[in-house]
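Enquirer: One structure, as structure tokens, below. Some questions next.
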Amino acid sequence: MEPSITTTRSRRLRRTNVALATVLACFLSVTAIAKKTEEEKAAKAAAAQEKLLQVFVSEPYLELSTGPGRGYPVFHVVAREESVDVLSRRTDWFRVRTEGGVEGWARARDMRRTKLADGSPFMFSLGDMAGFTSHDWELAIGGGDYGGANLLGLSAGRSLTDNMKIDFSLSQFLGNASNGWKAEIGLQHVLFPEWRFSPFLTLGTGYVETKPRATIVLPLDREDQTAYAGAGARFYLTRRFFLRADYRWHTIFTSRDDNEELEEWKIQIACFY
Amino acid sequence: MENPNRLLLLAAALCASSYLSGCSVFRKEKVEPPQTEEQAAAEEEAEDADSTPPRVIDPNVTRRKIKTPKIDSENWELGAGLGFMSIEDFGTSSTYAAQFNYHVTEDFFFRADVGQSTAGRTSFETLGGNIELLTGDERRFTYYSLSLGYNFLPGEVFLGRKLAMNSGFYLLTGIGNVTFAGDDHLTINLGAGYRVLPTDWLAIHIGVQDRVFDSDLLGETKVTNNIETLLSVTAFF
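Rendered as structure tokens:
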């Protein structure tokens, strides 16, 4: 072979290689820059998302009302593929802001059909039977009878698991012989949380302050510790509401020789969240 | 000359024809045996596999995880108000109250409220001269109640041509306690209110509630109706 031919070919090859390398370098740098800007954009979006949740309309449109209720008129419509930022939630309504800066209220039922940025559906708790089985907090108000006295009070519950809850209650009782206050803390074990009518057992301790009424001769205020065991049932009504009926057997550790025993029953309307 | 030539040509032609015509016989091509059904199916599959487009995009991409931020819920409403309390037999006096609402659904809410008023004089005391039925402390009328509210007739109110505000009526009922004249009374409260929202988080309420309890203060036990009218401002949070 003649060396001239080889050199010519290799020179040509070298030129092509250099050209290719330059093009490749340019391409790589451009893609790197593009990637960097993309990453920056993603980081910015992520930072923005940390503050506000962005969801995308996947139905033909999303209606916005002036207020969080069915009586308030629809004043704006967000088209498919457009996004809204979720500002806050009140009951079953979400306050959202559109890309154009319009703020309005969208109902939870419609928001359930929107999508997150990664295409997954926007999930959140709706007040339903599933929520009755599994929730974090519950709040109840109601009344009943405490050893013959009228009882009224409120209670709050914090779920440890679906079955086990910590129960706080604060109540006042108004009787013929005495009035007073009591505060209790206890554990509640719900036997079948998935049942609509679901029984529970309860055990706890508390503090009771009894004031004999002015007309009665013994004007001694009493402050005693109590312990109770009881049973009850919960019945899911609708949305976030359930009824709670409760029986408690109290032992009051009095300063006298004998402990006092009292029966309590009450019925409450409760909600969960 | 012709004959031997002809013979030669003929012989050559014969040789050639025998050779040329049999060219296919000498081809070392493998003759395919007739295909069975299974083989045909297998071949079709292979063809299908070949027909899938080559992988241009590497599917091994790490997905960006979307962290859903916690949505701020505004179901609580806290506020205070001023108004009048008409205490049966003891006239009407000013009252002040604090209220705490928890909105469970768009229709229902829980309310806890507490207030205080000071009872005036009964007509018996006014006409009888220097008679005082109650001491100063006993005239303090303190109350609280736990109620369930129901929102109805939601809508908008228009103030002028450009300003529209959300509004709604609500009904309330509950149980509570009144401390009056040195005694506690179990009360039942019934009421209604009207709520106007200048902004999404601020509400102005005008409400009337009747607090009903049994009282034996004036000799015989009777049911007393104590009507409270309150103007209050609340904020959602």
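These protein sequence lines are chains A and B, in that order. To convert a position in the first sequence, counted from 1, into the working numbering, add 1. To convert a position in the second sequence, counted from 1, into the working numbering, add 86. Positions of the beta carbon are idealized from the N, C-alpha and C atoms, including for glycine.
For A/E100, which three-state DSSP category applies?
Expert: The residue given as residue 100 of chain A occupies position 99 in the first sequence. A/E100 falls in the coil class under three-state DSSP.
Enquirer: State yes or no: is the C-beta of A/V58 within less than 8 Å of the C-beta of A/V87?
Expert: Start at 1 with the first residue of the first sequence, and residue 58 of chain A comes out as number 57. Start at 1 with the first residue of the first sequence, and residue 87 of chain A comes out as number 86. Not closer than 8 Å, so no.
Enquirer: Would DSSP call A/R223 helix, strand or coil?
Expert: Sequence index remark: in the first sequence, residue 223 of chain A carries index 222 (1-based). The answer is strand: DSSP assigns A/R223 an E or B state.
Enquirer: Three-state secondary structure (DSSP) at A/N260?
Expert: In the first sequence, the residue the question calls residue 260 of chain A occupies position 259. Residue state, collapsed to three classes: coil.
Enquirer: Tell me which residue opens and which closes the alpha helix (DSSP H) that A/M130 is part of.
Expert: Position 129 of the first sequence holds residue 130 of chain A. Segment M130 to T134, the alpha helix (DSSP H) holding A/M130.
Enquirer: I need the DSSP call for A/E265, collapsed to helix, strand or coil.
Expert: On the first sequence, position 264 is the one that residue 265 of chain A refers to. Strand, per DSSP.
Enquirer: Do you know how far the Cα of B/H291 is from the Cα of B/E242?
Expert: Here residue 242 of chain B refers to the residue found at position 156 when the second sequence is read from its first residue. Here residue 291 of chain B refers to the residue found at position 205 when the second sequence is read from its first residue. Approximately 15 Å between the Cα atoms of the pair.
Enquirer: Can you tell me the Cα-Cα spacing of B/G108 and B/L96, whole angstroms?
Expert: As a first step, residue 108 of chain B must be located in the second sequence, where it is residue number 22. As a first step, residue 96 of chain B must be located in the second sequence, where it is residue number 10. Caution is warranted here: a pLDDT of 47 is assigned to B/G108, below 50, making its placement in the model unreliable, and the coordinate value is therefore given only provisionally. Roughly 18 Å between the two C-alpha positions.
Enquirer: Using the beta-carbon count (16 or more within 10 Å), is B/T285 buried or exposed?
Expert: By one-based count along the second sequence, residue 285 of chain B stands at place 199. Counting Cβ neighbours within 10 Å, B/T285 comes out exposed, since fewer than 16 surround it.
Enquirer: Taking only runs of the alpha helix (DSSP H) that begin and end inside the stretch 176-214 of chain B, which ones reach a length of at least 4 residues, in chain order?
Expert: Runs found: 209-213.
Enquirer: I need the boundaries of the beta strand (DSSP E) containing A/A184, first residue and last residue.
Expert: Along the first sequence, one-based indexing puts residue 184 of chain A at 183. First-last of the beta strand (DSSP E) with A/A184: S179 to V191.
Enquirer: The stretch 241-258 of chain A: which residues have C-beta closer than 8 Å to a C-beta of chain B, in chain order?
Expert: Answer set for the stretch 241-258 of chain A: R241 and F242.
Enquirer: Against chain B, with Cβ distances strictly below 8 Å, would A/L192 count as a contact?
Expert: In the first sequence, residue 192 of chain A corresponds to position 191, counting from 1. No, because no Cβ of chain B sits closer than 8 Å to the Cβ of A/L192.
Enquirer: Any beta carbon of chain B sitting closer than 8 Å to that of A/D93?
Expert: Within the first sequence, the letter at position 92 stands for residue 93 of chain A. It does; some Cβ of chain B falls within 8 Å.
Enquirer: Here's the rule: buried if 16 or more other CB atoms are within 10 angstroms of the residue's CB, otherwise exposed. What is B/T208?
Expert: Within the second sequence, residue 208 of chain B is the residue found at index 122, counting from 1. By the neighbour-count rule (16 or more Cβ atoms within 10 Å), B/T208 is buried.
Enquirer: Find the residues of chain A that neighbour B/F196, judging by a C-beta separation of less than 8 Å, and give them in chain order.
Expert: Residue 196 of chain B sits at position 110 when you count from the first residue of the second sequence. The answer, in chain order, is L140, I142 and C272.
Enquirer: So with CB distances below 8 Å, who are the chain A contacts of B/P240?
Expert: The count along the second sequence starts at 1 and reaches residue 240 of chain B at position 154. Result: G68, G70, R71, G72 and Y73.
Enquirer: Of all the residues that make up the stretch 174-195 of chain B, which are near chain A by a beta-carbon distance shorter than 9 Å?
Expert: Taking 9 Å as the Cβ-Cβ cut-off against chain A, the residues of the stretch 174-195 of chain B that qualify are Y188, H189, V190, T191, E192, D193, F194 and F195.
Enquirer: Between B/G214, B/G206 and B/V264, which lies nearest to B/L220 when the distance is taken from Cα to Cα?
Expert: Locating residue 220 of chain B in the second sequence gives position 134, counting from the first residue. Nearest of B/G214, B/G206 and B/V264 to B/L220, Cα basis: B/G206.
Enquirer: Tell me which residue opens and which closes the beta strand (DSSP E) that A/R245 is part of.
Expert: Along the first sequence, one-based indexing puts residue 245 of chain A at 244. That run of the beta strand (DSSP E) goes F242 to F254.
Enquirer: Between A/R113 and chain B, is the shortest Cβ-Cβ distance under 8 Å, so that the two count as touching?
Expert: On the first sequence, residue 113 of chain A is found 112 positions in, with the first residue counted as 1. No - not a single Cβ of chain B is within 8 Å of the one on A/R113.
Enquirer: By the criterion of Cβ-Cβ separation under 8 Å, what are the contact partners of A/Q173 in chain B?
Expert: Sequence index remark: in the first sequence, residue 173 of chain A carries index 172 (1-based). Chain B residues near A/Q173: N263 and D270.
Enquirer: Using a Cβ-Cβ cutoff of 8 Å, what residues of the stretch 152-169 of chain B are near chain A? List them in chain order.
Expert: Those residues of the stretch 152-169 of chain B that come within reach of chain A (Cβ to Cβ, closer than 8 Å) are I152, K153, T154, P155, I157, D158, S159, E160 and N161.
Enquirer: Name the two residues that bound the continuous beta strand (DSSP E) containing B/R297.
Expert: To locate residue 297 of chain B, count along the second sequence from 1; it is residue 211. Note, B/R297: beta strand (DSSP E), L288 to S301.
Enquirer: Give the range of the beta strand (DSSP E) segment to which A/R90 is assigned.
Expert: Mapped onto the first sequence, residue 90 of chain A falls at position 89. Run containing A/R90: S84 to R91, per the beta strand (DSSP E) assignment.
Enquirer: Report yes if the CB atom of A/L152 is closer than 8 Å to the CB atom of A/G158, and no otherwise.
Expert: Within the first sequence, the letter at position 151 stands for residue 152 of chain A. Within the first sequence, the letter at position 157 stands for residue 158 of chain A. No; because the gap between Cβ atoms is not below 8 Å, this pair is not in contact.
Enquirer: Under 8 Å, Cβ to Cβ, is there at least one residue of chain B near A/S179?
Expert: Counting from 1 along the first sequence, the entry for residue 179 of chain A is found at position 178. It does not: the Cβ of A/S179 has no partner Cβ on chain B nearer than 8 Å.
Enquirer: Please report how far the alpha carbon of B/A278 lies from the alpha carbon of B/D296, in whole angstroms.
Expert: Position 192 of the second sequence, counted from the first residue, corresponds to residue 278 of chain B. Position 210 of the second sequence, counted from the first residue, corresponds to residue 296 of chain B. Using only the alpha carbons, I get a separation of about 9 Å.
Enquirer: Would you mind telling me which residues of chain B sit closer than 8 Å to A/N151, beta carbon to beta carbon, in chain order?
Expert: In the first sequence, the residue the question calls residue 151 of chain A occupies position 150. Ordered by position in chain B, the residues that pass the 8 Å Cβ test against A/N151 are L272.
Enquirer: In chain C, which residues lie with their C-beta within 9 Å of the C-beta of B/L95?
Expert: Considering every chain present, this structure includes no chain C. Its protein chains are A and B.
Enquirer: Show which residues of chain A have a CB atom less than 8 Å away from the CB atom of B/F322.
Expert: Walking along the second sequence from the start, residue 322 of chain B turns up at place 236. By Cβ distance, chain A contributes R91.
Enquirer: Would you kindly work out how many angstroms separate the C-alpha atoms of B/K116 and B/N91, rounded to a whole number?
Expert: Stepping through the second sequence from its first residue, residue 116 of chain B is reached at position 30. Stepping through the second sequence from its first residue, residue 91 of chain B is reached at position 5. Low confidence applies to B/K116: its pLDDT is 49, below 50, so where it sits in the model is not reliable, and the reading given next is rough at best. Answer to the nearest angstrom: the Cα atoms are 41 Å apart.
Enquirer: In angstroms, rounded to a whole number, what distance separates the CA positions of A/D119 and A/Q269?
Expert: Walking along the first sequence from the start, residue 119 of chain A turns up at place 118. Walking along the first sequence from the start, residue 269 of chain A turns up at place 268. Distance between the alpha carbons of A/D119 and A/Q269: 43 Å.
Enquirer: Is it the case that the Cβ atoms of B/A198 and B/F210 are separated by a distance below 8 Å?
Expert: In the second sequence, counting from the first residue as 1, residue 198 of chain B sits at position 112. In the second sequence, counting from the first residue as 1, residue 210 of chain B sits at position 124. Result no, Cβ atoms of B/A198 and B/F210 do not sit closer than 8 Å.
Enquirer: Grab the span of the alpha helix (DSSP H) containing B/D270 for me, first residue to last.
Expert: Along the second sequence, one-based indexing puts residue 270 of chain B at 184. B/D270 -> not in any alpha helix (DSSP H); beta strand (DSSP E) instead, spanning D269 to L283.
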